[in-house]
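*Asks:* In the working numbering, the protein residues as written are 19 to 252.
Structure provided below as structure tokens; questions to follow.
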Ligand SMILES: *Cc1c(COP(=O)(O)O)cnc(C)c1O
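Here's what the structure looks like:
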């Protein structure tokens, strides 16, 4: 199967899941995750109409940046754990940071964005499963509320919503409670913190995106189902 065929198939499955849940499919963005994917294959996805992309390492993306920076309308989001010492570089190469997990990182990103004079859209990453191996703030933690309340003073960051990677489960159905929890958290934050926008719910990957769509995802992040299996585990 070609990348174009895979993209078409994933889009169909998103539409079917949206219809099952009584949702408008046009409200769900498909992000193509291109970690370990070489620039030529990113171009192939672009040719097939894909515009939204996700990468999870600053260094890897910096290496591809020149080869993809000129694609009109293409957007690359940072979706992996970001160290504060790479914040400035990330602001330079990415159009959005979907994995903000501390007020300290948010501060650094804000300062970097101010320096280059651009506002940068961000999502707060939530670690719903409490897994050590994953980044993200714990839901309803002091950290999470400090970040959200601190966001008010960060003029160069535009908070748009939440992102999560739930624990990996064999059966996608087992991820449903996590997706539902993220949606509830979004509603709770939206009702309590007026200064941040909470429109985006970035959740769902190749093996569980249909369940995520049924639970309200507005962005699904798909790598394997578009580009095939990765050689290296990330
Ligand atoms: C790799 C990755 C994805 C995509 O995973 P697939 O299972 O290949 O679809 C989504 N989100 C994040 C944060 C990732 O690192």
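The beta-carbon is built from N, C-alpha and C at its ideal position, and this holds for glycine as well.
Looking only at its own chain, which residues have a Cβ that is under 8 Å from the Cβ of residue 207, when we skip the five neighbours before and after it?
*Replies:* If we look at residue 207 and ignore the five residues flanking it on each side, its Cβ neighbours are 166, 180, 214 and 216.
*Asks:* Might you give, ordered along the chain, the residues of its own chain that have their beta carbon closer than 6 Å to the beta carbon of residue 128, omitting 5 neighbours on each side?
*Replies:* Closer than 6 Å at the Cβ level, and outside the excluded window around residue 128, lie 172, 174 and 175.
*Asks:* In the DSSP assignment, find the beta strand (DSSP E) that holds residue 92 and state where it starts and stops.
*Replies:* Segment: none, residue 92 is in no beta strand (DSSP E) and carries neither H nor E.
*Asks:* Excluding the five sequence neighbours on either side, which residues of its own chain have a C-beta within less than 6 Å of the C-beta of residue 106, listed in chain order?
*Replies:* Result list for residue 106: 130, in chain order.
*Asks:* Within the same chain, show all residues whose beta-carbon is closer than 6 Å to that of residue 82, passing over the 5 residues directly before and after it, in chain order.
*Replies:* Taken in chain order, the residues that qualify are 57.
*Asks:* So, with DSSP's three-state summary, where would you put residue 242?
*Replies:* Correct three-state label for residue 242: helix.
*Asks:* Since residue 207 is in the alpha helix (DSSP H), which residue starts that stretch and which ends it?
*Replies:* Taken as a continuous stretch (DSSP letters only), the alpha helix (DSSP H) holding residue 207 covers 194 to 210.
*Asks:* Counting contacts by CB-CB distance shorter than 8 Å, is residue 39 in contact with chain C?
*Replies:* Absent from the structure: chain C. Only one protein chain is present.
*Asks:* Is it the case that the Cβ atoms of residue 146 and residue 196 are separated by a distance below 8 Å?
*Replies:* Their beta carbons are under 8 Å apart, which means residue 146 touches residue 196 by this criterion.
*Asks:* When DSSP labels each residue in this structure, what does residue 173 get in the three-state scheme?
*Replies:* DSSP places residue 173 in coil when its eight states are reduced to three.
*Asks:* How far does the alpha helix (DSSP H) with residue 127 in it reach, from first residue to last?
*Replies:* Counting along the chain, the alpha helix (DSSP H) containing residue 127 begins and ends at 121 to 134.
*Asks:* Which term fits residue 19, buried or exposed, when burial requires 16 or more other beta carbons within 10 angstroms of its beta carbon?
*Replies:* So residue 19 counts as exposed.
*Asks:* Check whether the Cβ of residue 193 lies closer than 7 Å to any heavy atom of ligand 1, and answer yes or no.
*Replies:* Not so, every heavy atom of ligand 1 lies at least 7 Å from the Cβ.
*Asks:* Out of 26, 48 and 73, which has the shortest C-alpha to C-alpha gap to residue 230?
*Replies:* Checking every option, the nearest Cα to that of residue 230 belongs to 48.
*Asks:* If I follow the unbroken alpha helix (DSSP H) through residue 84, where does it start and stop?
*Replies:* Taken as a continuous stretch (DSSP letters only), the alpha helix (DSSP H) holding residue 84 covers 76 to 86.
*Asks:* Once the 5 residues before and after residue 236 are set aside, which same chain residues still bring their CB inside 8 Å of it?
*Replies:* Contacts found: 45, 46, 47, 179, 217, 218, 219 and 220.
*Asks:* What does the alpha-carbon distance come out to for the pair residue 11 and residue 111?
*Replies:* The displayed coordinates of the chain run from 19 to 252. Any statement about residue 11 would go beyond what the structure contains.
*Asks:* Are the beta-carbon atoms belonging to residue 21 and residue 66 less than 8 Å from one another?
*Replies:* Yes; because the gap between Cβ atoms is below 8 Å, this pair is in contact.
*Asks:* Rounded C-beta distance between residue 52 and residue 248? I'm assuming under 8 Å.
*Replies:* Their Cβ separation, rounded to whole angstroms, is 10 Å, which puts residue 52 and residue 248 out of contact at 8 Å.
*Asks:* Would you tell me roughly how many angstroms separate the C-alpha atoms of residue 200 and residue 177, rounded to the nearest one?
*Replies:* So the two alpha carbons sit approximately 16 Å from each other.
*Asks:* Quick one: residues with CB closer than 5 Å to any heavy atom of ligand 1, in chain order, please.
*Replies:* Counting every residue whose Cβ lies closer than 5 Å to a heavy atom of ligand 1, we get 51, 74, 97, 223, 224, 239, 240, 241 and 242.
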